[in-house]
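K.L.:
Numbering (UniProt numbering), first residue to last: 1 to 684. Built from N, CA and C at the ideal position, the CB exists for glycine as well.
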Amino acid sequence: MHLHFLGHKMGHFFLRFSSKFTYLQKLIVIATLIFLSLAISLYYNWQFFNQKIERLENQQLGNQSVQLIRRLLENISRHVVMLSTMQYEQDIYQNDIIQMQAQISSDFRKLGLGTFKNPLPILAPSSSDLLNSESNELTQNWNLFLENVQDNNQVESIDRFKAIMDRLQLRMLYMGIESTLIQSEDVPYFLTNLAFIELPKGQSLIAQFVMLNSEKMQKKTLPNKDQKRLELLKSQLEDHLRNLSVLSESANINKNVEIKNKINRYAGSIHNLISEDEHHVGLSKNKKTFSWFSDKGIKALRESSLVWDTSFEEISRSLKEYLEHIENIKNWVIGISTALALAAFLITFLCILQVWKPMEGMIHTLQKFKAGDLSLRMPVMYQDEIGAFAILCNQVGDKFEETFKQFEKTGNVLTNYSDFISDASKQLESTAVEQEITSKQIAVTAKEIAATAKEFSNTLNTISSRGEETSTLANSGMEGLAKMENTMQQMIEASTNITSKLAVLSDKAQTITNIITTISKVAQQTNLLSLNAAIEAEKAGEHGRSFAVISREIRRLAEQTAFATVDIEKMINEMVSAVASSVMGVDKFSDEIYQGVSYVRTVGEQLTQIIEQVQKQMISFENVNIGMQNQVQGASQITEAINQWSESAQQVTNSIRRFHQTIDQLAQTNKQMHDVIKYIKAYG
1 MHLHFLGHKM
11 GHFFLRFSSK
21 FTYLQKLIVI
31 ATLIFLSLAI
41 SLYYNWQFFN
51 QKIERLENQQ
61 LGNQSVQLIR
71 RLLENISRHV
81 VMLSTMQYEQ
91 DIYQNDIIQM
101 QAQISSDFRK
111 LGLGTFKNPL
121 PILAPSSSDL
131 LNSESNELTQ
141 NWNLFLENVQ
151 DNNQVESIDR
161 FKAIMDRLQL
171 RMLYMGIEST
181 LIQSEDVPYF
191 LTNLAFIELP
201 KGQSLIAQFV
211 MLNSEKMQKK
221 TLPNKDQKRL
231 ELLKSQLEDH
241 LRNLSVLSES
251 ANINKNVEIK
261 NKINRYAGSI
271 HNLISEDEHH
281 VGLSKNKKTF
291 SWFSDKGIKA
301 LRESSLVWDT
311 SFEEISRSLK
321 EYLEHIENIK
331 NWVIGISTAL
341 ALAAFLITFL
351 CILQVWKPME
361 GMIHTLQKFK
371 AGDLSLRMPV
381 MYQDEIGAFA
391 ILCNQVGDKF
401 EETFKQFEKT
411 GNVLTNYSDF
421 ISDASKQLES
431 TAVEQEITSK
441 QIAVTAKEIA
451 ATAKEFSNTL
461 NTISSRGEET
471 STLANSGMEG
481 LAKMENTMQQ
491 MIEASTNITS
501 KLAVLSDKAQ
511 TITNIITTIS
521 KVAQQTNLLS
531 LNAAIEAEKA
541 GEHGRSFAVI
551 SREIRRLAEQ
561 TAFATVDIEK
571 MINEMVSAVA
581 SSVMGVDKFS
591 DEIYQGVSYV
601 RTVGEQLTQI
611 IEQVQKQMIS
621 FENVNIGMQN
631 QVQGASQITE
641 AINQWSESAQ
651 QVTNSIRRFH
661 QTIDQLAQTN
671 KQMHDVIKYI
681 KAYG
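1) Taking the straight line between their C-alpha atoms, what separation do you get for GLY114 and ILE336?
2) Output the boundary residues of the alpha helix (DSSP H) element that contains GLY202.
3) Under the three-state reduction of DSSP, which class applies to SER127: helix, strand or coil?
4) Does the stretch 336–345 come close enough to the stretch 215–226 to have 3 or more Cβ pairs within less than 8 Å?
5) Go through the stretch 512–542 residue by residue and report every complete run of the alpha helix (DSSP H) that reaches 4 residues or more, in order.
6) Span of the alpha helix (DSSP H) holding ASP239?
7) Answer with buried or exposed for ASN256, where buried requires no fewer than 16 other C-beta atoms within 10 angstroms of its C-beta.
8) Under 8 Å Cβ to Cβ from LEU230, same chain only, skipping five residues before and after it: list those, please.
9) Report all residues from its chain with a CB closer than 8 Å to the CB of HIS240; omit the five preceding and five following residues, and keep chain order.
10) Thinking C-alpha only, which one of GLN609, ALA537 and THR415 is nearest LYS671?
11) Compute the Euclidean distance between the alpha carbons of ILE442 and GLU574, then round it to the nearest angstrom.
12) Exposed or buried, what is GLN633 when buried is set at 16 or more other beta-carbons lying within 10 Å of its beta-carbon?
13) Secondary structure at VAL566, three-state DSSP: helix, strand or coil?
14) How many angstroms separate the CA atom of ALA341 from the CA atom of PHE196?
15) Taking just the CA atoms, how far does MET172 sit from TRP142?
16) Buried or exposed: which applies to LEU123, given that a residue is buried once 16 or more other Cβ atoms fall within 10 Å of its Cβ?
17) I need the DSSP call for ASP186, collapsed to helix, strand or coil.
18) Spatial neighbours of ARG552 within its chain, please: CB distance less than 8 Å, with the 5 preceding and 5 following residues excluded, ordered by chain position.
19) Over the uninterrupted alpha helix (DSSP H) stretch that includes ASN272, give me the two end residues.
20) Would you call MET82 buried or exposed, if buried means 16 or more other Cβ atoms sit within 10 Å of its Cβ?
21) Going by other Cβ atoms of all chains shown within 10 Å of its Cβ, with 16 needed for buried, is GLU314 buried or exposed?
22) Where does PRO358 fall in DSSP's three states?
23) Out of GLU324, SER305, ALA558 and ASP507, point me to the one whose CA is closest to LYS521's CA.
24) Have a look at VAL187, LEU138 and THR517 and flag the residue whose alpha-carbon is nearest the alpha-carbon of ASP166.
25) Give the secondary structure of SER65 by DSSP, where H, G and I count as helix, E and B as strand, and everything else as coil.
26) For THR348 versus ILE34, is the C-beta spacing smaller than 8 Å?
27) If you draw a straight line from the alpha carbon of ILE512 to that of THR365, how long is it in whole angstroms?
28) Under 7 Å Cβ to Cβ from residue 718, same chain only, skipping five residues before and after it: list those, please.
29) Thinking C-beta only, is PHE161 closer than 8 Å to ALA207?
30) What is the C-beta distance between THR565 and ILE516, in whole angstroms, given that I count them as a contact (C-beta under 8 Å)?
31) Compute the Euclidean distance between the alpha carbons of ARG555 and THR410, then round it to the nearest angstrom.
32) Buried or exposed for ASN412, going by 16 or more other Cβ atoms inside 10 Å?
33) Once DSSP output is grouped into helix, strand and coil, what is the label at SER41?
34) Put ARG377 into one of helix, strand or coil per three-state DSSP.
35) Does DSSP put THR115 in a helix, in a strand, or in coil?
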């Protein structure tokens, strides 16, 4: 869990750090890293192959350097065998021995005076000094060996010879180890074992075997020590033969027929030499027999030299072939690595172009799109991830442009509707104000009617109370009737005025009802448009969030407008009902007034009869008084209805003012939406 969290934090840090660089810089860094990795790999491959080649060259140099030691081993062995033969035949190998002795002395001088001095780069100076010191010691032993031969001291000569051969074998083995030739995996092991171990050992054993047999022939018998030594040499030669048999099988396994045949011939010559010792030397001890025996020894040495030549040739050939193979591999690896580096550089360069060109075009297009040119689209150069991203961005641009046009269209529609609603609300407000003024005038007229009716009622009361005085006051009654007729005429005119005013008020109320219906329809249409705008904004995603807020505010204002129009419609209906009731009351009052006028006229026409029958008409006056009381009560109801209508008109006016404020808010919101559209066009 901790490692997962740590990996997550490291990944987040890496992404945050890499975001500071452009894709071009990132690709350049990646190309540089790939090129460096290939360069480092090429460098270490170069070093590896150079070390391999240097090791093979050292092995070749070691193979060449041991040739001097090999020549010394061969010449010293032949020299010893020839010297042993000269003890029986003085002149047989004399010239060869002299030449060979001079060659050996010259080789020892080369070995000690620098011809062989530090021939290998791998030898340290201290090793070189040690080898030079041993070379001097070998030269001294060689000189002592020659003195022992001249003194005819055969046993001591054999010891000197063995010491020289052992030292030369060790030096040869040391040179093979230092040059890594013996432990080389590039050369078959049986070849190095044959050339550096078995053949030098065989040379020494053959020469010692011939020397001891020469001593045995001279003395007829050998001391026990020398006899055991001869038997040991014979046993060592037999071991040598067994080792040669194993090496022959190895050569056969490696399909080296030439080496195998030469090893077999060499082994056969050693076998013949041992057989000659067993069958001839013991039977006939004469010069001819020993000459025959020494020839077998020289032949064995010659066969050994042939095997040696072939072994070193095979070693040299193997090293040369492997060196050529390594050089070919080196050239191939370097060539392939260089080609891969160039290919990686070329591919990275093409990738940079493939990424940089489309990205540059996309950034340029986005900058213009942000500046307000919504018709631009990203170029699709390749059908890859960047091309897919460009296609997706173009699809988003199409959606955004379509949504933007829809919002622009919706804004224009809202502007028209808001202007229409504003004009209608202003007209409605003006009508409501006029209605309020008319209602106040009607209220004043109603108060006047009520006052007149009350006064008329008082007059009737006076008439009723003074009925008895009617006769005496007939003339005054005629004048009162005239006044009453005038008053009744005024009441007719007032009722006619009230009726006309109420008719106007009813028409205004109907006009208000029609306007309210129009406002309600406009509010419903605005609600539908804002809902459509909200849906389009949701489709636009993040780009339409601001339009979603505006459309939601418009829908809320439209709902408030609808609610306000419902309230206004309700108030108008109540006002219409009140007006209708007032009209009915006024009509009834008008009928009663007309009836009163008829009564007055009848009274005027029959005034004389009234005077005579005043007592009888007292009941009629009481009825008139009751009717007047009813008229007063009706006038009070009309006044109350008019007051309620006036309050309703005031409430309608206030509602219209609030509706006008709502229209102003709608216009302001619409202006904000237009400002957003202009901002998107101007700044993106």
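P.N.:
Let me spell this out:
1) The predicted position of GLY114 is uncertain, since its pLDDT is 40 and thus under 50; a value taken from the coordinates is nonetheless stated next. Distance between the alpha carbons of GLY114 and ILE336 is about 45 Å.
2) 199–219
3) Note that SER127 scores a pLDDT of 48, beneath 50, so its modelled location is shaky and nothing firm can be said.
4) no
5) none
6) 224–253
7) buried
8) PHE209, LEU212, ASN213, LYS216 and LEU222
9) GLU198, LYS201, GLY202, LEU205 and ILE270
10) THR415
11) 17 Å
12) exposed
13) helix
14) 46 Å
15) 17 Å
16) Residue confidence for LEU123 is low, a pLDDT of 43 falling below 50, so the modelled location carries little weight and cannot support an answer.
17) coil
18) SER530 and ALA534
19) 257–276
20) buried
21) buried
22) helix
23) ALA558
24) LEU138
25) helix
26) yes
27) 56 Å
28) Not covered by the structure: residue 718. The range shown for the chain is 1 to 684.
29) yes
30) 5 Å
31) 13 Å
32) exposed
33) helix
34) coil
35) Low per-residue confidence applies at THR115: pLDDT is 37, beneath 50, and the placement is therefore not dependable enough to give any value.
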